[in-house]
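For the sequence shown, the working numbering gives the first residue as 6, with consecutive numbering after it.
Glycine residues also receive a C-beta, built at the ideal position from the N, C-alpha and C atoms.
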Amino acid sequence: MIDSRANPLLIVISGPSGVGKDAVLNGMKKRRYPLYYAVTATTRPRRERERDGVDYYFVSRVDFEKMIAKNELLEWANVYGNLYGVPKRQIQEALGRGQDAVIKVDVQGAAAIKKIIPQAVFIFLAPPSMNDLENRLRRRRTESGVDLELRMKAAQEEMKQLPMFDYVVVNHKDGIEAAISQIEAIITAERRRVNQRLTKFENNSGQI
């Protein structure tokens, strides 16, 4: 019998700002799919209804820079003036106990992880169109007109990075359940591969 816990998966979900990454992950959590969901650290201000340690670890810039200096982050990036990074330890512990882990990052972060852990499963969450993405960002009302323009330009560049990913899932406005089901189907298919991925890596400080 194959031990499915022997080679746990690291699933990286990425996509442009506003595409619905948080909503998809929250939907997956409600379905109680047996995954570990990594919590990203960030220096950006907490938004209404966001919970520290659940949605993000909200930290000061000084503390974030200390994490960088101590090599405690799997990857980190400066996104629109705010720092984002994934603490290594939580991923190490999840994979160590044989649990599949999910990381949500921007495309820049996904590229950084790809260099360290090419065996991870990379899923790109895409909007049905750029017009749809712009409308979502406008409805979110968290960006100024200037920020909206920057995010749309960044999204156009991010869409060009699709070849870097293993899978693409289109997240339609009223089809989030379908997007979640597609991601779960991808994970199920990956777990049934004859030649399974080995999600281990080494960097300057050694294996994760």
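Query	Result
Inter-residue spacing [alpha-carbon to alpha-carbon] between valine 215 and arginine 102	It is not possible to answer for residue 215, since the shown part of the chain is limited to 6 through 213.
Span of the alpha helix (DSSP H), counted from its first residue to its last, around isoleucine 185	181-196
Rounded Cβ spacing between valine 112 and glutamine 166 (contact assumed at less than 8 Å)	5 Å
Coarse secondary structure for leucine 100, derived from DSSP in three states	helix
Rounded straight-line distance, which links the Cα of asparagine 140 to that of isoleucine 181	16 Å
The segment 192-204 touching the segment 48-67, judged by at least three CB pairs closer than 8 Å	no
Simplified DSSP assignment, three categories, for asparagine 176	coil
Residue span of the beta strand (DSSP E) that contains phenylalanine 127, given as start and end	126-131
Cβ-Cβ distance between valine 44 and leucine 130 below 8 Å	no
Cut-off 6 Å between Cβ atoms - residues of its own chain near serine 4, not counting five sequence neighbours on either side	Residue 4 is absent from the model: the chain starts at 6 and stops at 213.
Residues that alanine 106 bridges to, as DSSP identifies them	Leu15 and Tyr41
Three-state secondary structure assigned by DSSP to glutamate 70	helix
Inter-residue CB distance, lysine 109 and lysine 26 (contact presumed, cutoff 8 Å)	5 Å
Cβ-based burial, aspartate 105 [other Cβ within 10 Å; buried from 16]	buried
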